[in-house]
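Residue numbers (this note's numbering): 234 to 413. For glycine and all other residues, C-beta sits at the position ideal for the given N, C-alpha and C.
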Amino acid sequence: MKSVKIQSVFMLVLVFMFGMMAIAQEKKPAVPNEQAWLQKFVGSWTAKVIVTDDKKQTTSFTAKMNYSSVADGNGVYGVETINDPKLGKMTGSYLMGYDPYEKKVHFYAVSNTGVCHDHDCTWKSPDHLYLEHNSMRNGKAFKEEINLVFKDRNTIEFTETDYLGGNAVETDQGTFKKAK
234 MKSVKIQSVF
244 MLVLVFMFGM
254 MAIAQEKKPA
264 VPNEQAWLQK
274 FVGSWTAKVI
284 VTDDKKQTTS
294 FTAKMNYSSV
304 ADGNGVYGVE
314 TINDPKLGKM
324 TGSYLMGYDP
334 YEKKVHFYAV
344 SNTGVCHDHD
354 CTWKSPDHLY
364 LEHNSMRNGK
374 AFKEEINLVF
384 KDRNTIEFTE
394 TDYLGGNAVE
404 TDQGTFKKAK
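So, in structure tokens, the structure goes:
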């Protein structure tokens, strides 16, 4: 009889534990897709970037980006470096994360060329991130539009157009390839 009671209590404890685990798993919030998709950036990337100014003059350079996951997978941090004989050394630091209250991604950029601003971002699709920054420069409206399209796990097509006073003043484009 004592054995039956012990087995019954043991079975009740097991049923209770499994029930509590199921409830705990149900309450765990799902990671929004917009946040999870940021992890696609993790890795080392290289691209030849072509820059065209408002006079249709072009220059090119090689850009390298290294992204890592931060805050337990809730965002990504990247460093971009350009070391060009003509243009010199340029470095940018980027932090991207998902704001659950605004339900959008923010991309914050700081560089050694005087850039220090936030971008509002929208995933147009799981493979297309659109970034936009709006501010003032020398009393004129400045707008930056960036499109990052993941062609596959190892390729990002990149385009950026900068506007000053409503006129396009620079267009950048390139294809980043991920190191394997």
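Rounded straight-line distance, which links the Cα of residue j to that of residue i
| i | j | result |
| --- | --- | --- |
| Gln272 | Glu377 | 23 Å |
| Thr324 | Glu365 | 20 Å |
| Tyr334 | Pro318 | 44 Å |
| Ser344 | Ser326 | 6 Å |
| Thr295 | Ile315 | 6 Å |
| Lys411 | Phe391 | 13 Å |
| Cys354 | Lys337 | 6 Å |
| Gly407 | Lys281 | 6 Å |
| Gly347 | Leu320 | 15 Å |
| Glu393 | Asn367 | 13 Å |
| Ser370 | Thr285 | Per the sequence shown, residue 370 should be read as Arg rather than Ser. Near 20 Å, if we compare the C-alpha coordinates of Thr285 and Arg370. |
| Thr388 | Ala374 | 32 Å |
| Val303 | Gly399 | 36 Å |
| Met329 | Gly372 | 28 Å |
| Trp356 | Phe383 | 11 Å |
| Val402 | Ala342 | 20 Å |
| Lys413 | Gly276 | 9 Å |
| Ser293 | Asp395 | 17 Å |
| Gln290 | Pro265 | 42 Å |
Cβ-based burial, residue i [other Cβ within 10 Å; buried from 16]
| i | result |
| --- | --- |
| Leu381 | buried |
| Lys288 | exposed |
| Ile283 | exposed |
| Cys349 | exposed |
| Ala263 | exposed |
| Asp305 | exposed |
| Asp385 | exposed |
CB-CB length for residue i against residue j, believed under 8 Å
| i | j | result |
| --- | --- | --- |
| Val309 | Phe274 | 5 Å |
| His352 | His339 | 7 Å |
| Trp270 | Met298 | That pair is no contact at about 17 Å. |
| Glu267 | Tyr363 | At roughly 12 Å, the Cβ-Cβ gap does not stay under 8 Å, so Glu267 and Tyr363 are not in contact. |
Any non-hydrogen atom of the ligand GTP closer than 7 Å to residue i Cβ
| i | result |
| --- | --- |
| Gly308 | For the ligand GTP, the structure offers nothing, since it holds no ligand at all. |
Complete beta strand (DSSP E) runs within the stretch 322 to 354 (minimum length 3 residues, chain order): 337 to 344
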